[in-house]
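Using UniProt numbering, the letters of the sequence shown correspond one by one to residues 1 to 81.
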Amino acid sequence: MVGALHAALKNPPINTKNQTAKDRAENLVLKVLISFKTNEIEKAVQSLEKNDVDLLMKYIYKGFESPSDNSSAVLLQWHEK
1 MVGALHAALK NPPINTKNQT AKDRAENLVL KVLISFKTNE IEKAVQSLEK
51 NDVDLLMKYI YKGFESPSDN SSAVLLQWHE K
């Protein structure tokens with residue numbers, strides 16, 4: 001799962017004007033975050049570099065803007081770590 005997180009955060013479409021690409025990247029990161037077990041989150045965060053943690057926080061805040069199902073609870077757990 002950690003590998004999936006690293007892959008999802010690699011080469012984010014930040015500088016593109018293509019909203020579809022941005023939405024797909026956001027959805028992918030959120031799916032990866034939701035698939036983690038609670039006890040795996042801290043280890044995953046510790047495996048990230050500072051820039052990746054900053055990017056992850058941006059995706060977490062973006063996820064809070066449009067919550068779905070149980071995503072808010074999961075995103076809060078990630079935010080806490």
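Note that the Cβ used here is the ideal one computed from N, Cα and C, for glycine as well.
Item	Value
Please report the straight-line C-alpha distance between residue 28 and residue 44, rounded to a whole angstrom.	16 Å
Please classify residue 3 as buried or exposed, where buried requires at least 16 other C-beta atoms within 10 Å of its C-beta.	exposed
Quick one: grab the DSSP three-state call for residue 26.	helix
Let me know if residue 26 comes out buried or exposed under the rule of 16 or more other beta-carbons within 10 Å of its beta-carbon.	buried
Taking residue 59 as the reference, give the member of 78, 38, 41 with the closest Cα.	78
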